[in-house]
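Residue numbers for the sequence shown follow this note's numbering, beginning at 3 and rising by one.
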Amino acid sequence: MRLVLLGPPGAGKGTQAKELAQQWQIVHISTGDLFRYHLAHDTPLGQSAKEYMQSGRLVPDNITEAMLKDRIERPDVLESYGFVLDGFPRTVPQGRALKALLEERQERLDRVILIQVPTEVLLERLVGRRTCSLCRANYHVRYHPPKVEGICDRCGGALLQREDDQLDTVNVRLKVYHQETEPLVAFYEEAGILARVDGNQEPAVVTEATIRAAEGGPHD
Ligand code: ADP
Ligand code: ADP
Ligand code: ZN
Numbered sequence: 003m004r005l006v007l008l009g010p011p012g013a014g015k016g017t018q019a020k021e022l023a024q025q026w027q028i029v030h031i032s033t034g035d036l037f038r039y040h041l042a043h044d045t046p047l048g049q050s051a052k053e054y055m056q057s058g059r060l061v062p063d064n065i066t067e068a069m070l071k072d073r074i075e076r077p078d079v080l081e082s083y084g085f086v087l088d089g090f091p092r093t094v095p096q097g098r099a100l101k102a103l104l105e106e107r108q109e110r111l112d113r114v115i116l117i118q119v120p121t122e123v124l125l126e127r128l129v130g131r132r133t134c135s136l137c138r139a140n141y142h143v144r145y146h147p148p149k150v151e152g153i154c155d156r157c158g159g160a161l162l163q164r165e166d167d168q169l170d171t172v173n174v175r176l177k178v179y180h181q182e183t184e185p186l187v188a189f190y191e192e193a194g195i196l197a198r199v200d201g202n203q204e205p206a207v208v209t210e211a212t213i214r215a216a217e218g219g220p221h222d
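Right, dumping it as structure tokens:
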């Protein structure tokens, strides 16, 4: 299964991608997580991505595409049953680059799932999002609180708020989504592989709907 999860910040891409990766034994690839790893380790890639991420803008396509290419060509991906992309592509040129990359190995995407959520819900989700500083598990102060405030249920790590989840940066990210990422909806609709899922439901219900949409195959 080769899937892309498309949707605005806060739609639940990360939450759903983790479930799908488990369900199908496929690799979860999050470009946001990859960039945050490079930022935390202060690598040259992290340094070039830093100011974009902090201000809520997209990292330039050439940098992002090179990072994705490197990740998707690693043995764990090549040897697995597929992947779920979370946060890539985010521009039409990135969509074209992905297509070319897959064509080189005689592969193609099975499905692109657009997770739809009203803007006011996105805002609430993003400002309440917390992430484990050790295992990267996701929480929400209201919708998915940890048993002990500020502490990860799974590993005891400290829960932190992402710097770019402050309200003013969130607003920039939503605007960037509409301007730069939304054109991908038409791009994948034309390719005949887009499916829409209502993301404003319980996480488990969204997972079921996503699985159904993905298993509908490419020509549904
Ligand atoms: P979200 O939870 O808002 O969907 P991500 O964790 O996927 O956010 O991404 C965080 C930030 O990382 C983005 O605001 C952007 O700066 C950068 N980023 C992630 N993926 C991409 C991409 N495909 N192209 C450009 N920038 C990206
Ligand atoms: P994205 O990767 O699209 O930015 P996340 O999966 O990180 O989104 O989800 C954003 C926030 O919303 C997180 O705090 C997460 O726990 C919460 N969340 C995700 N899916 C749902 C849902 N279906 N209902 C309520 N809250 C959700
Ligand atoms: Zn943890």
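Backbone N, C-alpha and C define an ideal beta-carbon position, used for all residues, glycine too.
Keep in mind the model is a prediction, meaning the values are calculated, not measured.
List the DSSP bridge partners of residue i.
i, result
"residue 140", "133"
"residue 6", "87 and 114"
"residue 166", "Its beta-bridge partners do not exist; DSSP assigns none."
Let me make sure I understand the geometry here. Which of the options has the alpha-carbon closest to that of residue i?
i, options, result
"residue 103", "82, 70 and 124", "70"
"residue 202", "194, 212 and 193", "212"
"residue 98", "183, 162 and 176", "183"
"residue 167", "48, 30 and 58", "58"
"residue 29", "76, 151 and 193", "76"
"residue 132", "14, 163 and 210", "163"
"residue 9", "197, 210 and 217", "197"
"residue 89", "209, 38 and 158", "38"
"residue 157", "175, 135 and 176", "135"
"residue 193", "199, 49, 114 and 180", "114"
If you draw a straight line from the alpha carbon of residue i to that of residue j, how long is it in whole angstroms?
i, j, result
"residue 147", "residue 4", "31 Å"
"residue 2", "residue 81", "Nothing about residue 2 can be reported from this structure: the residues present for the chain run from 3 to 222 only."
"residue 116", "residue 42", "29 Å"
"residue 204", "residue 62", "34 Å"
"residue 65", "residue 143", "33 Å"
So, with DSSP's three-state summary, where would you put residue i?
i, result
"residue 85", "strand"
"residue 25", "helix"
"residue 60", "coil"
"residue 153", "strand"
"residue 223", "The shown model of the chain, from 3 to 222, leaves out residue 223, and the question about it has no answer."
"residue 13", "coil"
"residue 74", "helix"
"residue 44", "coil"
"residue 195", "coil"
Would the beta-carbon of residue i be found less than 7 Å away from any heavy atom of ligand 1?
i, result
"residue 163", "no"
"residue 32", "yes"
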